[in-house]
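This report concerns only the one structure given below.
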Amino acid sequence: MLIESGGDPILKHPNLEIIDRFFEAYIQRDWNELRKVLSLDARWSFPGKHPYGGWRNGSEEVIQFFDTMGSVMGKSNVKAEKLIVAANDDYVIESQHVFTNRDDGTNLDHLVCVLWKFAEGKIVEGIHFFANPVEADSFFTKISQKNLE
1 MLIESGGDPI LKHPNLEIID RFFEAYIQRD WNELRKVLSL DARWSFPGKH PYGGWRNGSE
61 EVIQFFDTMG SVMGKSNVKA EKLIVAANDD YVIESQHVFT NRDDGTNLDH LVCVLWKFAE
121 GKIVEGIHFF ANPVEADSFF TKISQKNLE
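Here full-length UniProt numbering is used: the first residue of the sequence shown is 1, the next is one more, and so on.
So this is what it looks like as structure tokens:
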């Protein structure tokens, strides 16, 4: 598959295509396709002491995490600017500037990286890193409390 960068075609790394397939299957709730790109033993880490923080173990918990975060962030009017993406045979790293615009004024403006790990053509692990983990933890703690109200 080819993508363009500044008008010049470049090859898209296969692991980036796996991520694309993951999100397409996730959005469509295509469980057969999800099993092709997400390991049954996948693990996912999201930092923080808030209810969304911690490790998710197994593909079902990973999907539940994405469902939860989709619900939470869907209410936050998220904007994301992709800063850089790099890939090799085992990893993809994405760096983004993410900011929210919530009606209640509880907002976050930060840099985040996601490290994706691959084995045998599948996603086996994901780890989020925040430039300011204290600020992110505060945001997600407040959001979790508001979701209980």
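Idealized CB from N, CA, C, for every residue including glycine. No experiment lies behind these values; they were computed from the predicted model shown.
DSSP state of residue i, grouped into three classes?
i: residue 21; result: helix
i: residue 2; result: Caution applies to residue 2, whose pLDDT of 40 falls short of 50 and renders its modelled position unreliable; the value that the coordinates give is listed next. Strand, per DSSP.
Closer than 8 Å: is that where the CB of residue i sits relative to any heavy atom of the ligand SAH?
i: residue 58; result: Because no ligand of any kind appears in the structure shown, any question about the ligand SAH cannot be addressed here.
Near residue i, what residues of its chain come up, given a Cβ to Cβ distance below 7 Å and the 5 sequence neighbours on each side ignored?
i: residue 110; result: 98, 130, 131, 132, 135 and 136
i: residue 100; result: 76, 77, 78, 107 and 108
i: residue 153; result: Nothing about residue 153 can be reported from this structure: the residues present for the chain run from 1 to 149 only.
i: residue 83; result: 95, 96 and 97
Measure the beta-carbon distance from residue i to residue j and round it to whole angstroms, keeping in mind my assumption that it falls under 8 Å.
i: residue 105; j: residue 114; result: Incorrect: roughly 27 Å between the Cβ atoms, too far for contact.
In angstroms with no decimal places, state the Cα-to-Cα distance between residue i and residue j.
i: residue 95; j: residue 146; result: 28 Å
i: residue 107; j: residue 75; result: 11 Å
i: residue 121; j: residue 91; result: 11 Å
i: residue 35; j: residue 79; result: 29 Å
i: residue 23; j: residue 139; result: 25 Å
i: residue 19; j: residue 71; result: 20 Å
i: residue 66; j: residue 128; result: 13 Å
i: residue 93; j: residue 28; result: 24 Å
i: residue 119; j: residue 112; result: 23 Å
i: residue 142; j: residue 81; result: 24 Å
i: residue 88; j: residue 15; result: 8 Å
i: residue 31; j: residue 73; result: 23 Å
Who are the Cβ neighbours of residue i in its own chain at under 6 Å, not counting the five residues just before and after it?
i: residue 59; result: 38, 40 and 42
i: residue 102; result: 76
i: residue 144; result: 50 and 51
i: residue 86; result: 93
i: residue 44; result: 56, 62, 65 and 126
Only counting the same chain, and skipping five residues up and downstream in sequence, which positions put a Cβ closer than 8 Å to that of residue i?
i: residue 53; result: 46, 47, 137 and 140
i: residue 26; result: 34, 63 and 66
i: residue 68; result: 52
i: residue 124; result: 39, 41, 42, 43, 117 and 118
- Item | Inside the UniProt domain "SnoaL-like" (20–125) only - beta strand (DSSP E) runs reaching at least 3 residues | 38–46, 54–57, 79–87, 91–99 and 109–119
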